[in-house]
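Peer 1:
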Ligand code: ADP
Ligand code: MG
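In our numbering, the protein residues as written are 112 to 802.
#1: Could you tell me if residue 791 is buried or exposed, where buried requires 16 or more neighbouring beta carbons within 10 angstroms of its beta carbon?
#2: If you draw a straight line from the C-alpha of residue 207 to the C-alpha of residue 251, how long is it?
#3: Check the C-beta distance from residue 220 over to residue 230 and give it rounded, since I have them as a contact under 8 Å.
#4: Going by the DSSP bridge assignment, what does residue 170 pair with across the sheet?
#5: In whole angstroms, what separates the C-alpha of residue 701 from that of residue 616?
#6: Does DSSP put residue 197 in a helix, a strand or coil?
#7: Give the straight-line distance between the Cα atoms of residue 213 and residue 147, rounded to the nearest whole angstrom.
#8: Could you tell me the alpha carbon to alpha carbon distance between residue 186 and residue 243, rounded to whole angstroms?
#9: At which residues does the alpha helix (DSSP H) containing residue 157 begin and terminate?
#10: Does residue 717 come out as helix, strand or coil in the three-state DSSP assignment?
#11: Does DSSP put residue 649 in a helix, in a strand, or in coil?
#12: Would you say the beta carbon of residue 789 is closer than 7 Å to some non-hydrogen atom of the ligand MG?
#13: In three-state DSSP terms, what is residue 780?
#14: Indicate whether the contact test is met: 3 or more Cβ pairs, each with one atom in the region 547-558 and one in the region 373-392, closer than 8 Å.
#15: Who are the near neighbours of residue 594 in its chain, counting only those whose CB is closer than 8 Å to its CB and skipping five residues on each side?
#16: Just the C-alpha distance for residue 271 and residue 130, rounded to the nearest angstrom, thanks.
#17: Helix, strand or coil, according to DSSP, for residue 553 in the structure here?
#18: Report the three-state DSSP secondary structure of residue 256 (helix, strand or coil).
#19: Unbroken alpha helix (DSSP H) runs of length 4 or more, entirely within the region 320-395: which are they?
#20: Across which residues does DSSP place residue 588 in a beta bridge pair?
#21: For residue 668 versus residue 650, is the C-beta distance shorter than 8 Å?
#22: Can you tell me the Cα-Cα spacing of residue 203 and residue 184, whole angstroms?
#23: Cutting at 7 Å between CB atoms, please list the residues of its own chain near residue 308, excluding the five before and the five after it.
#24: DSSP state of residue 612, grouped into three classes?
#25: Rounded C-beta distance between residue 499 and residue 453? I'm assuming under 8 Å.
#26: Identify which residue in 169, 126, 336 has its Cα closest to the Cα of residue 769.
#27: For residue 729, count the other beta carbons within 10 Å of its own beta carbon; 16 or more makes it buried, fewer makes it exposed. Which is it?
#28: Ordered along the chain, which non-local residues of its own chain (more than five positions away) have a Cβ less than 8 Å from that of residue 65?
#29: Please classify residue 632: does DSSP put it in a helix, a strand, or coil?
#30: Using only alpha-carbon positions, find the residue among 436, 412, 554, 684 that is nearest to residue 523.
#31: Residues in the same chain with beta-carbon distance under 7 Å from residue 160, minus the five sequence neighbours each way, listed in chain order, please.
#32: Compare the beta carbon distance of residue 302 and residue 322 with 8 Å and say whether it is the shorter of the two.
#33: Mind checking residue 137: buried by the 16 CB within 10 Å criterion, or exposed?
#34: Under the three-state reduction of DSSP, which class applies to residue 596: helix, strand or coil?
#35: Assign residue 391 to buried or exposed, taking buried as 16 or more other Cβ atoms, counted over all protein chains shown, within 10 Å of its Cβ.
#36: Quick one: grab the DSSP three-state call for residue 637.
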């Protein structure tokens, strides 16, 4: 009795799928028939567009229809590969076809028969040539597929096999639940789900796939945003300790050596308003490098501590954690706030002490790296979690920390600081679970950073300028992209990479032999890193050769020169972050972007002409897509498979649709959509990748 396949059937029930294949599919996360149907092709081969040989572009990939004109000859190449070769022609040109490794095809080739070939065509001296094209016999009355899907593969799986298995399951695509209600589909010109999936796997023309892809991307973005809204409202009903203003005044803010900017004041007001409520705050403060986010965070921490609750400040790097720790100690000094530092650089014994005082309520604030998260840190009464540089942390990590407050039945408030200026459209999508405060103002008196794009031939001049700035009392960063020559990011195209270590010793033996220098990279032991950073901050070393570990948050106001080697290798936003390490003090600052690509690099001029992080981010997004903005959100928990966040018009449409859909989620037609959003939230909570 033939077994009736359903969407939930394991792939082993599908004809032709054996144990090996099953494991190969599983590697790709495909286990059921339903999984397979949403295993989308990554491209299409347009074999229906058959060209006369004469019209094929030399080196282009084309479909042609030819008659085999002689019996294939088999041979063995010097490399040992077996091959066979035959001649063919169409009405316009002669063609020589060489096929490697597929000797079984040889016996199937018949002189005088027509074949459709698909592959790269090159124009040689004696007519056209193709090497190992796809070969399909043309049989009258049996039309060939015009468009073939190309699936992402992993070792073992072959295109033809995946195609065949998908085709076997295709009738079931009608059973896939419809996610989009009809009125949404109509308004945004989207296809029904079954039709969408059919078109993606078995399109009749390439044009057919366009609207199908759009439908999938739209659906994905919509569900994703609905899920974020869910998460945002998940806190509805959750309680947090209210943190009202203390009865006695006297805040560190009054003792600061500088007045707050308007933006800082506004941000603090918003945060305080949140903290007074008995519901957990979930707020993102987004401010360009140097906009002074740390003070804002400290204000929240102070408020928390003065209410007798504990606060956590999480930093993405040890250097930064240590720096924040010092700042807080300095700011909170006259008050009796007990602050602890917890990073992997902290000796084990000390860590234990810190942990037990946190658990006992003997420490008020802990500053640390995510090591704090991984270890079994307990709090007596956690009131606030601040994470700096959000893009390095994931939703999952945040959730883990938030759970720490649950013993008391109360959830801590959450404040996220991000220096990655995110275009507003994206921020809505990616941080839909957070309230957003923008810090769009720099403290007054900042010297603008003069940014130049220069070439390797200017090197002598650059070194001379660095030396001059150091003589004038300044300090310099020199940023190299790689730690050593054998690092993962091996130079692929022969670009002259400067490995930090090698570069450092070159400089020390050469041009800067008389200048104290430091070397900082991520592979150094934590204690050594901290020491190097301390020496630089104290002005003991004048030049710091570093990898991008200094990218985030490091604050040495006296440093006023930055040379970025291989600047063409970095993204604009990252360069902007790096550049933000200078221009923090009174000195005029200079940033040199060294373009070693050997060609012009237009992108870099964006930085020379703008100091607005938001504008730069907008430009970066246009040029590279959003992948680099949100390591974690984009590639981890919230991997969006079909949707491209760079497709801003689509992103905007879905954002609009979210608003409309939200009001109707209770209606039966919207049930499937609502369930899907729930499923996404659940999977995020499980810590599983969404796809
Ligand atoms: P970021 O937003 O990049 O984290 P920081 O909080 O590190 O910025 O602040 C950068 C520098 O500016 C620090 O040295 C800080 O003390 C200083 N700063 C912060 N706010 C002000 C202000 N209102 N006026 C002057 N300097 C400020
Ligand atoms: Mg910062």
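Cβ atoms here follow ideal geometry from the backbone N, Cα and C, with glycine treated the same way.
Just so it is clear, the structure is predicted and the values come from calculations on it, not from any experiment.
Peer 2: By the coordinates alone:
#1: buried
#2: 24 Å
#3: The Cβ separation is near 16 Å, so there is no contact.
#4: Note: residue 170 sits in no beta bridge, so no partner.
#5: 24 Å
#6: Residue 197: strand per DSSP, three-state reduction.
#7: 28 Å
#8: 14 Å
#9: Run containing residue 157: none in the alpha helix (DSSP H); it sits in the beta strand (DSSP E), 154-157.
#10: helix
#11: coil
#12: no
#13: Residue 780 falls in the helix class under three-state DSSP.
#14: yes
#15: Summary for residue 594: the model assigns pLDDT 44, below 50, so the residue's position carries little reliability, and this model does not support an answer.
#16: 18 Å
#17: coil
#18: coil
#19: Whole alpha helix (DSSP H) segments, 4+ residues: 363-366, 373-387.
#20: 655, 673
#21: no
#22: 24 Å
#23: 148, 284, 287
#24: helix
#25: Not quite, the Cβ-Cβ distance comes to about 15 Å (not below 8 Å), so this is no contact.
#26: 336
#27: buried
#28: Since the first residue shown for the chain is 112 and the last is 802, residue 65 is missing from the structure and cannot be characterised.
#29: Residue state, collapsed to three classes: coil.
#30: 412
#31: Excluding the 5 residues flanking it on each side, residue 160 has same chain C-beta neighbours closer than 7 Å at 174, in chain order.
#32: yes
#33: Exposed is the call here.
#34: Residue confidence is low: residue 596 scores 43 on pLDDT, short of 50, so the model does not pin down where it sits. Its coordinate-derived value is still stated next. Residue state, collapsed to three classes: coil.
#35: Under this definition residue 391 is a buried residue.
#36: helix
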